[in-house]
């Protein structure tokens, strides 16, 4: 089983890469418009992508401030840059491990407390994204008469499950027969039982998740506009279609077994967006443009972020600091719900963000 878990992501990545390469090669004429994209559009896309990275950092600030850790702008922004960069370019979830190790080494921040709040933020983020997707699917159906039943059912299922977990959270999920599914679900619910004791934190997570949805849809809409793409009726791809397209891509998070869901998101978008009037070539071109701009933005700021974080490591030695997280117990009715620190290897994959980027994966 461990061998299969190691080899499966590589096999899926290679299969998706081969499929995308073959498709692009067979439909090369559909991708020639990439050379016609104007610089202003690229700059706009880059600026909004940068804003998404800032919001990702704000998620970390909101999650840690309840533990007595007040990250500065440059600190949480730098952590966001390095985390996203590492998750794309480093093996073994290098970016996610950096974030966990930095907080532990610099603030003596216990892994279990961070994991509990991180799990709760995923629950809130998925709920906001799925509810928004259902609303947009309904509006698009009323506007165009087009609907995709499988996509609608998936979003309905995610919205129903997350809403149930948020408003009527159970204290045990022993009835789930699959062990790894039960363990992941227990991690999420354990974090939510703690987080819900702080309404202010939950409210901040909700508006940040909503902001991520808006920024992600904005990036997607700009990318469609950059290609001057139109639907079969000859109309430009609108913001509503871009929002649904973004939400569909976020479903790749549920099977994110490759770095940043590389290949999985592209395949999902190609085969699930045609009811929006978006062809497979358009979906793939927009997704590849998004990844390219995101990588450029990360590379531009990675050096500065690394220098800043390196200085922070040199300035402060956490050796004499008390363990962080104990102050957060005021939010917990029962400290036994804390997640074991050993689960850091299972749940610190920051390839999962509550909404950033086209498809929610960056």
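Numbering (the numbering used here), first residue to last: 45 to 406. Heads up, the beta-carbon is just placed ideally off N, CA and C, and yes, glycines get one too. None of these values were measured; they are calculated from a predicted model.
Beta bridge counterpart(s) of residue i as assigned by DSSP
i, result
"residue 154", "None; residue 154 has no bridge partner."
"residue 275", "According to DSSP, residue 275 bridges with nothing at all."
"residue 280", "274"
CB of residue i within 8 Å of CB of residue j, strictly
i, j, result
"residue 127", "residue 291", "no"
"residue 163", "residue 231", "yes"
"residue 235", "residue 276", "no"
"residue 96", "residue 342", "no"
"residue 89", "residue 246", "no"
"residue 255", "residue 210", "no"
"residue 191", "residue 183", "no"
"residue 153", "residue 117", "no"
"residue 475", "residue 312", "Residue 475 lies beyond the range of the chain shown here (45 to 406); nothing can be said about it."
"residue 150", "residue 357", "yes"
"residue 239", "residue 326", "no"
"residue 353", "residue 188", "no"
"residue 310", "residue 323", "no"
"residue 203", "residue 248", "no"
"residue 257", "residue 173", "yes"
"residue 288", "residue 299", "no"
"residue 103", "residue 165", "yes"
"residue 178", "residue 147", "no"
"residue 314", "residue 328", "yes"
Outcome for residue i when other beta-carbon atoms lying within 10 angstroms are tallied against a minimum of 16
i, result
"residue 65", "exposed"
"residue 120", "buried"
"residue 279", "exposed"
"residue 377", "Note on residue 377: pLDDT 38, under 50, position unreliable in the model; no value is reported."
"residue 215", "exposed"
"residue 51", "exposed"
"residue 108", "buried"
"residue 55", "exposed"
"residue 197", "exposed"
"residue 443", "The chain is shown only over 45 to 406; residue 443 falls outside these bounds and no answer can be derived."
"residue 62", "exposed"
Integer Cβ distance of residue i from residue j, believed to fall under 8 Å
i, j, result
"residue 263", "residue 93", "6 Å"
"residue 233", "residue 217", "7 Å"
"residue 169", "residue 253", "5 Å"
"residue 99", "residue 266", "About 17 Å separates the two Cβ atoms, so there is no contact after all."
"residue 85", "residue 269", "7 Å"
Residue-chain proximity (residue i, chain B), Cβ-Cβ < 8 Å
i, result
"residue 120", "You won't find chain B in this structure, because it holds only one protein chain."
Heavy atom of the ligand FAD within 7 Å of residue i beta-carbon
i, result
"residue 318", "What this structure holds is no ligand at all, so the ligand FAD is not there to describe."
Original post:
At which residue ranges does the segment 228-275 contain complete alpha helix (DSSP H) runs of 4 or more residues, listed in the order of the chain?
Top reply: Within the segment 228-275, the complete alpha helix (DSSP H) runs of at least 4 residues are 243-270.
Original post:
Going along the chain, which unbroken runs of the beta strand (DSSP E) with 3 or more residues stay wholly within the segment 181-233?
Top reply: As summarised for the segment 181-233, there are no continuous beta strand (DSSP E) elements at least 3 residues long confined to that stretch.
Subject >> Every unbroken alpha helix (DSSP H) within the segment 284-345, with a cutoff of 4 residues, ordered by chain >> reply: Runs of the alpha helix (DSSP H) inside the segment 284-345: 308-316.
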